[in-house]
Structure formats: C-alpha cells, structure tokens
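Taking it in order: structure first as structure tokens, then the write-up.
In the working numbering, the protein residues as written are 3 to 511.
Below, the structure is given as structure tokens:
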C-alpha cells in the first residue's frame with residue numbers, strides 16, 4: 003500500500019434486487035459507493051430464482067463504480083460480506099453452481115416445511131434453531147430438491163448461502179458464519195454451529211455444509227482472478243461477514259433492548275436485541291444470532307419479526323401498475339402518496355404479495371386492496387401501500403411486545419428510510435420518535451465495519467452509526483392509525499379461506 007493512499011474497508015451487500023459496494027474510511031465516512039441490479043426469475047408461480055453469474059457480474063460493476071467514486075488514491079484494507087438471507091446455492095463436485103439460486107422469497111417448499119416440522123417437532127425445532135421453518139429457508143429448499151429433483155440432489159456436493167457464494171468467488175474458500183447460517187433453520191443458535199440433532203433428523207452429513215466461523219474471522223484472501231474482475235489488489239483479507247438484517251443492526255449501533263430497529267428494504271424487519279436466547283414457542287417470530295459474539299454490553303442474539311413485502315410493493319407499483327421509468331419513479335410515487343391524507347381516504351392495503359411471515363407464517367397469504375371505490379386514484383393507492391407495509395410491521399412487532407418489550411424509540415434503516423413521508427408514517431403508526439440512519443446502505447456499512455474489526459483496525463465496541471434528525475409522531479394521526487391497524491389485523495382471518503383457494507387455483511393452473 004502506497005504511503006499516500008487512503009485505507010478503506012469494502013462492504014459488499016448482495017441484496018434481493020441489487021448488489022451494493024461501499025468503501026468506508028476508518029472514521030466511518032464513506033469514500034465511494036456503487037450499485038448494480040440483477041433480475042429475479044419466476045419460472046413457475048411461487049418460484050423466485052437468481053443466477054449466481056449475474057451476482058458476480060453485478061459485484062464487478064458495483065465495486066468498479068465505488069472505486070471510481072473514491073478516486074485513485076484509495077486502497078482496500080479488508081473486505082466484508084453481507085446479503086440476502088435464507089437462500090440456497092447448490093455446488094457440484096467442481097465447487098461451481100449446478101442451478102439457479104433459490105432465494106428467500108421462493109414459496110415452492112410449503113409441503114417440505116410441514117414434513118420437516120412434523121418430523122422434528124415444531125417446539126423442538128424452535129428450541130434448537132430459534133425459528134420456525136418457513137418457505138425460502140435453506141432447510142426446506144434442500145428437502146424440496148432432494149424429493150422433487152433427485153437428479154440435481156445426486157450431483158450436489160456442497161451447499162452455500164448467497165453471500166457465501168460470493169466468498170467462494172472471491173477467495174476459493176467455502177465458509178459461513180452464525181448470523182447468516184441461523185437463517186437456514188439448521189443452526190444451533192445457542193452454540194453458533196450446525197445442529198447435529200437437526201442434521202441427524204434430516205439424514206444430512208455436516209460435510210454438505212461449510213464450516214461456521216466467527217463473523218469477524220478472516221476466511222481467506224482475494225484471489226488473483228477475482229481481484230482482476232473487481233479491479234482490486236490480490237491478497238486483500240475477506241472476513242466472515244453477516245446476514246443483511248444483523249449487518250444493518252450492527253451499522254445502526256443497535257445494542258439497547260429499548261430501541262426497536264426497523265428496516266424497510268425489499269422486505270421489512272422489526273428487531274429487538276437480546277442478551278439471552280429467547281424464542282417464541284408459537285413460532286410466529288425468529289430468534290437469530292447477532293453479527294458479533296455475545297459479550298459485555300453486546301447482545302449476542304436478536305428477536306425479529308419479518309414481513310416479506312415492503313419496498314417490493316413499491317417496485318410492483320412502479321413496474322406493474324404505473325409502468326414508470328426507474329429514474330423518476332420513486333419521487334413521483336412519494337409525491338402522489340403525499341397528496342392523500344392519513345388513512346388514504348378509507349383504502350387499506352394488505353401487503354402479502356409473496357405470502358407472509360410474522361405473525362402468520364403463511365406462504366399462501368395474498369395481498370389485497372380493501373375498501374377500493376371509484377373515488378380512489380393513484381394517490382390513495384400509493385399511500386395505502388406505504389401505510390399497509392407499516393401496519394404489517396406493527397402486526398409483527400405485537401408478537402415481540404408480548405414479552406413485555408416497550409421500546410422508547412425506533413431506529414429506521416433501509417431504502418425506505420430515505421423517504422420523509424414513510425418516516426412520518428412509521429412514527430405515527432408506532433407512536434414513537436424515529437431516528438433515521440444517515441445512510442441508505444446500512445447492510446453494506448455493517449459489512450465494512452466487520453471488515454475493519456476483523457482486520458484489527460477497530461475494536462468490536464466501535465460504532466459508525468450516524469442518525470438524522472428525529473421524526474416525532476403526531477398524536478392525532480397515531481390515534482387514527484391505531485384504529486386502522488386493528489382493522490388491518492382482522493383482514494387475514496377474514497380472507498384466509500378465499501386466498502388459500504385462490505393460491506391453489508394459481509398452482510393448479
């Protein structure tokens with residue numbers, strides 16, 4: 003490294019729709035950023051697949067853009083990985099992908115979820131893995147492959163999570179870490195390693211899965227071919243990294259159980275840190291490993307409620323309803339929504355476009371506009387979508403609150419946190435002040451922070467969290483939303499039989 007070069011840490015975030023690259027200085031300021039999109043294929047109803055080669059191409063584009071933004075006097079000291087959780091990449095004997103990756107929003111394995119849960123026992127699975135099994139989770143997808151694609155299963159030598167496929171491309175090393183591996187429903191979250199009892203029930207050998215290392219551990223170094231593809235120097239250390247939700251929580255400095263962390267990205271998550279393993283025996287929420295191992299004033303786990311559709315609903319409006327140009331889409335959508343009052347003039351949106359997790363754990367749940375009349379237009383449609391996503395988050399948080407959790411504030415992250423209107427809706431629905439994270443790239447920032455910690459440049463207690471001005475709730479609007487959230491919660495039970503019949507109709511053609 004040249005004496006005059008600025009040392010930075012690279013965070014790579016393999017998201018659901020794009021990869022983000024963030025170059026961060028040791029003081030937490032951003033030197034450069036880049037992003038590149040890739041498509042999701044749905045070859046059959048309920049399927050969601052991505053091409054790992056598209057991921058790799060996008061990584062090159064995103065890192066190149068970040069390096070150009072940072073300038074030539076920049077040297078990457080270490081690299082951290084994060085990304086979409088739960089998904090499945092099957093590798094053959096040559097350690098290359100055999101098929102498209104099945105990602106978290108895929109719904110094909112509903113039968114396998116029931117089979118595995120019955121085999122292990124719902125409460126036993128939750129006690130071991132911290133989570134109920136859901137479609138899109140690696141355990142269910144692997145069983146689907148084993149039963150429905152035995153030819154493919156017979157050629158499978160190794161299984162990786164999405165971000166760990168990028169690690170393989172970077173270093174040639176197969177490895178994972180607890181904060182992402184826990185989203186497979188195959189990890190013993192108390193011991194932060196693969197669960198021998200679960201693997202025994204599945205009759206799967208440990209050698210199918212990569213070693214589990216600490217999120218801050220150096221797993222390998224950037225190989226020459228990968229370095230050439232990304233425009234980086236070979237030999238850069240690559241740390242374990244973390245899943246996208248724990249990465250964003252790390253970046254946001256979430257350590258206090260009185261702070262609720264809410265992310266609005268493709269999906270949405272509500273998260274509370276925990277110093278011990280606390281699970282929901284009814285299986286409505288998840289308990290996962292935090293990025294950093296537990297320590298003094300450092301929670302080792304978090305309790306999370308997840309809604310599958312957040313920013314995805316806006317993207318659906320952009321592409322399928324209004325057919326807007328990407329460059330102008332979101333300012334126009336938010337402008338339209340701002341023209342409608344709270345409550346969207348009596349229009350309610352149920353955002354279950356790809357099924358739902360917390361609290362229903364139902365892959366056959368479906369979305370709906372409720373109360374639609376001829377008087378409603380684009381402003382009400384968009385406003386109802388923004389509100390419906392936050393209502394679903396409030397529904398998920400209600401499960402976490404059953405243990406007595408009473409947060410005093412919300413830290414908001416993700417792309418949706420960039421919208422002043424969406425921030426205000428969050429504050430008004432929850433009735434709590436909202437602190438927006440100053441960067442939209444929270445997960446990438448968390449990955450870069452782990453790179454800095456893992457390389458020894460920073461202490462595990464370090465934080466790069468910077469917040470924007472707090473957004474205060476409006477009491478009158480909060481009271482109005484309280485009534486609407488109650489109506490929202492009734493919709494699933496009211497429509498369950500109908501949407502399940504429609505889901506079966508869709509599957510059967």
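Where is the CB? At the ideal position from N, CA and C, for every residue including glycine.
Taking the beta carbon of residue i as the centre, do at least 16 other beta carbons fall within 10 Å, making it buried, or is it exposed?
i: residue 288; result: buried
i: residue 217; result: buried
i: residue 484; result: exposed
i: residue 22; result: buried
i: residue 427; result: buried
i: residue 405; result: exposed
i: residue 503; result: exposed
i: residue 73; result: exposed
i: residue 199; result: exposed
i: residue 375; result: exposed
i: residue 75; result: exposed
i: residue 474; result: exposed
i: residue 165; result: buried
i: residue 267; result: buried
i: residue 84; result: buried
i: residue 512; result: Outside the displayed span of the chain (3 to 511) sits residue 512, for which this structure offers no information.
i: residue 121; result: exposed
i: residue 2; result: In the structure displayed, the chain extends from 3 to 511; residue 2 sits before or after that span and is not available.
i: residue 134; result: buried
i: residue 512; result: For residue 512 there is no data in the structure shown, the boundaries of the chain being 3 and 511.
i: residue 301; result: buried
Kindly list the residues whose CB is nearer than 6 angstroms to the CB of residue i, restricted to its own chain and excluding five residues on each side of it in sequence; keep chain order.
i: residue 505; result: 366
i: residue 158; result: 92
i: residue 393; result: 487 and 490
i: residue 195; result: 214
i: residue 510; result: none
i: residue 281; result: 128, 132 and 289
i: residue 212; result: 176, 177 and 178
Quick one: what's got a C-beta closer than 7 angstroms to residue i's C-beta in the same chain, skipping five residues either side?
i: residue 354; result: 311, 367, 368 and 369
i: residue 386; result: 346, 349, 350, 351 and 371
i: residue 223; result: 173, 237, 238, 239 and 240
i: residue 494; result: 362 and 367
i: residue 106; result: 86, 87, 88, 89 and 138
i: residue 465; result: 255
i: residue 146; result: 110, 111 and 114
Which two residues bound the contiguous alpha helix (DSSP H) that contains residue i?
i: residue 125; result: 124 to 131
i: residue 223; result: Taken as a continuous stretch (DSSP letters only), residue 223 belongs to no alpha helix (DSSP H), being part of the beta strand (DSSP E) at 220 to 223.
i: residue 34; result: No alpha helix (DSSP H) contains residue 34, which is instead part of the beta strand (DSSP E) from 32 to 39.
i: residue 324; result: Counting along the chain, residue 324 falls outside any alpha helix (DSSP H), and DSSP gives it neither H nor E.
i: residue 432; result: 422 to 432
i: residue 152; result: 152 to 156
i: residue 70; result: 54 to 72
i: residue 449; result: 444 to 456
i: residue 164; result: 164 to 173
Would the beta-carbon of residue i fall within 8 angstroms of that of residue j?
i: residue 262; j: residue 252; result: no
i: residue 102; j: residue 52; result: yes
i: residue 276; j: residue 259; result: yes
i: residue 272; j: residue 399; result: yes
i: residue 97; j: residue 46; result: no
i: residue 449; j: residue 14; result: yes
i: residue 36; j: residue 71; result: yes
i: residue 187; j: residue 131; result: yes
i: residue 453; j: residue 12; result: yes
i: residue 100; j: residue 154; result: yes
i: residue 109; j: residue 356; result: yes
i: residue 250; j: residue 444; result: yes
i: residue 360; j: residue 286; result: yes
i: residue 436; j: residue 414; result: yes
For residue i, list the residues DSSP reports as bridge partners.
i: residue 11; result: 26 and 80
i: residue 190; result: 195
i: residue 20; result: 39
i: residue 351; result: 371
i: residue 273; result: 263 and 306
i: residue 214; result: 178
Which two residues bound the contiguous beta strand (DSSP E) that contains residue i?
i: residue 307; result: 303 to 309
i: residue 362; result: Taken as a continuous stretch (DSSP letters only), residue 362 belongs to no beta strand (DSSP E), as it is neither H nor E.
i: residue 502; result: Per DSSP, residue 502 belongs to no beta strand (DSSP E); it is in the alpha helix (DSSP H), 477 to 510.
i: residue 226; result: Residue 226 -> not in any beta strand (DSSP E); alpha helix (DSSP H) instead, spanning 226 to 232.
i: residue 438; result: 436 to 438
i: residue 396; result: Note, residue 396: premise wrong, no beta strand (DSSP E); alpha helix (DSSP H) at 380 to 403.
i: residue 265; result: 261 to 266
i: residue 414; result: 411 to 415
i: residue 239; result: 239 to 241
i: residue 92; result: 91 to 93
Can you find a heavy atom of the ligand GDP that lies under 7 angstroms from the Cβ of residue i?
i: residue 408; result: With respect to small molecules bound, the structure shown includes none, and the ligand GDP cannot be examined in it.
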